[in-house]
């Protein structure tokens, strides 16, 4: 933020590393149905009639109204990778805010800070 | 459905008429802040950096994971008006299903039946 | 509504009668813990440091953001019985709308129609 | 109920028939990922380390705290088919009530009435 | 707590400072509709037919049943500023607990600890 | 995890100690109805028609679909104490994942890591 102090315990790179470790552990201990769910989850966001960027925006808004910071950050990173502009990202979060209400605001604040972190890291 | 019996109490036209009546009554009795919320709600879906179709798909998926049939039907109608294809509609609902889980299925079933009703009515 | 057609399957009196029947059936078949929950539920809304009207408004807003029409109607009736004014009722629903977002609107529309039904019935 | 008037628009048999019709329509119009989700959903409740009855009770309680009547009724029927006793069913709903709070009560009332309908139909 | 170790990563003052920074960043990057939402959010809690204290209690209970710690803490601070007594605060949280169920308990525990922090800081 | 760095701020023992402290503080400041809720909460999980292990699995799945890490961890510990096997625990979490959707995944990841922590601690 403006004064240089970090807002988050983990920067995006460390967050991704930890997520990866936990994912591996989960899949090593998962049954067949959980593994299939993870696989289906990946397939769902592949470009089809809708392109990958639109699907990631859908995943972002779904995550935002359900208020899960991990899911919001994951889709924020993916939206950024798919070339979403800041204005597009903001409008998607605007839909989430209006549908989901002020209870979404703490997540919106963190999402906007994470977006900035992505822009500054040039990732 | 296949055997001609109706699934819903109200067809889409009657549902829209009732929604309109209730909306009017609400706004006549609302305070200034509620009126502003309704106005803001409309503004949010206007084309901007994202086009109107994409915004309606975002509203649809948000409504589906939050499991509100009225909101799902409203955005289903709007997606149809904005020229969403059946394949695009299905992929958006697929994202909602995977993010929101099997608890979304009863709403998915009704949404798909409503989509067919829209296609058949040629609206 | 304006043209005289009913919006709801059951008017408030019939809704209350059905709720009463289902409650009796539930309590006849409940275990001790469920019965205790029902008793605790009643105790919670008794006047204490907060008066009964304020507690019913709290129950109303909680029910509205969690989007349960039965619970909203129950607390709407109780707010009316405790002498809540239309302006107070509207402001409480306004808080629910802003906290809970546009997903609350279908419930707000029905709640406002039920409030009118209560005022017209002189109950 | 006691006075013979029906509580539900559809008895269980009609509800099942309508659910079946909507399911067929959904699957005919679904993409591959949605079909896979439906298949995965079925696999999840097959007996494994936990028996089928326990898994249906888990599905019931998950549906009850998420407050979806269709899902609650589906798992209520399945619990009954798997030989769940009335006392076991009531204790599972008791867990749902305590975890999910009074907002679950309208669903609990309907679930208990459906359970009675199942017992009386001898299904 | 009793043994002097802190329960929270941030004391209330630091939490407020961080919230303020994130709010500023969000509003600097927000579109017009998000800014309007933030403005509407503030207007909603101004004294009207209901006084400011009652409105904050409504916001508190809505936040508690939706289980958002940031929102609960914000309204806890505002309730304290508006002269809510400990007994009134406890009764409002009691309504949230009964409506929302045991899933609210972790938030209730933290809210009660924050209330104590407010009383001890004399803020 | 594999490389020895901790995933959680608090290990299970420290988490339990903090939970205990906060519980004590809450009950010291609670009104009668909140105390009764806590007592009812404990009674609900006592063995009855369903054994204690099954009830803890029900509490676990309810907590997982409602996405509360504190509640998930509490029931994970209790499931472990009641002799739940890793395969049973995984199948219960599988039900939660399918009912609740991918939004449950971050909680599933942490739950599986906590389960491993319990197994390694031999508690």
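Chains as they are written, first to last, in my numbering: chain S, 1 to 123; chain U, 1001 to 1123; chain W, 2001 to 2123; chain Z, 3001 to 3123; chain B, 4001 to 4123; chain P, 5001 to 5123. Cβ coordinates follow ideal geometry from the N, Cα and C atoms, glycine included.
In this structure, the alpha-carbon of residue 2116 of chain W lies about 35 Å from that of residue 3115 of chain Z. Taking C-beta atoms as the reference points, residue 103 of chain S and residue 4068 of chain B count as a pair closer than 7 Å. With a cut-off of 8 Å on Cβ pairs, the region 4023-4039 of chain B is not in contact with the region 4049-4065 of chain B, counting fewer than three such pairs.
In the same chain as residue 1093 of chain U, and ignoring 5 residues on each side of it, the C-beta atoms closer than 7 Å to its own belong to 1064, 1108 and 1111, in chain order. Taking all protein chains shown into account, residue 4056 of chain B has 16 or more neighbouring C-beta atoms within 10 Å of its C-beta and is therefore buried.
Out of P:5015, P:5016, P:5032 and P:5049, the CA that lies nearest to the CA of residue 3095 of chain Z is found in P:5049. Within the region 4001-4077 of chain B, the runs of alpha helix (DSSP H) that reach at least 4 residues and sit entirely inside it are, in chain order, 4012-4029, 4032-4044 and 4052-4065.
Among the residues facing chain S, residue 1044 of chain U is included, as its CB has a counterpart in that chain under 7 Å away.
Residue 2117 of chain W: member of the alpha helix (DSSP H) spanning 2105-2121, first to last residue.
Only 4067 from the region 4060-4083 of chain B bring a Cβ to less than 8 Å from some Cβ of chain P. Excluding five sequence positions before and after residue 18 of chain S, the CB atoms of its chain that fall closer than 7 Å to its own CB belong to 10, given in chain order. Annotation: residue 5008 of chain P has no Cβ neighbours in chain B at a cutoff of 7 Å; minimum Cβ distance is about 14 Å. Counting the other Cβ atoms within 10 Å of the Cβ of residue 5081 of chain P gives fewer than 16, which makes it exposed. Contact annotation: in the region 91-105 of chain S, residues whose CB is within less than 9 Å of a CB in chain U are 91, 92, 94, 95, 96, 97, 98, 99 and 100. Here residue 2122 of chain W is exposed. Its C-beta has fewer than 16 other C-beta atoms within 10 Å.
In terms of beta-carbon proximity, residue 2036 of chain W stays away from the interface with chain U, with every pair separated by 7 Å or more. At a cut-off of 7 Å between C-beta atoms, residue 4040 of chain B counts as an interface residue with respect to chain U. Across the structure, residue 3040 of chain Z and residue 33 of chain S are spaced so that their CA atoms are roughly 7 Å apart. The contact set of residue 56 of chain S on chain Z, defined by CB atoms closer than 7 Å, is empty, because the minimum CB distance reaches about 15 Å. For a Cβ distance threshold of 7 Å, residue set 4049 of chain B lies close to residue 2085 of chain W, ordered along the chain. Membership of residue 2088 of chain W in the alpha helix (DSSP H) is indicated by the continuous run 2086-2100. Sixteen is the threshold: since fewer than 16 other Cβ atoms of the shown chains lie within 10 Å of the Cβ of residue 3047 of chain Z, the residue is exposed. With at least 16 other beta carbons inside 10 angstroms of its own, residue 5100 of chain P counts as buried.
Distance from the CA of residue 2021 of chain W to the CA of residue 5037 of chain P, rounded to the nearest whole angstrom, comes to 26 Å. Annotation: Cβ neighbours of residue 5030 of chain P in chain B (cutoff 7 Å, chain order): 4090. By the 16-neighbour rule on beta-carbons within 10 angstroms, residue 2013 of chain W is exposed.
Taken through DSSP and simplified to helix, strand or coil, residue 1081 of chain U comes out as helix.
Put simply, of S:31, S:42 and S:52 the residue whose alpha carbon is nearest the alpha carbon of residue 3043 of chain Z is S:31. In terms of CA proximity to residue 3119 of chain Z, Z:3077 leads the group Z:3051, Z:3105, Z:3066 and Z:3077.
A check of alpha carbon separations from residue 5008 of chain P across P:5066, P:5086, P:5051 and P:5070 identifies P:5070 as the nearest.
Its chain contains 52, 55, 56 and 59 as the residues whose beta carbon lies nearer than 7 Å to that of residue 45 of chain S, once the 5 sequence neighbours on both sides are disregarded; these appear in chain order.
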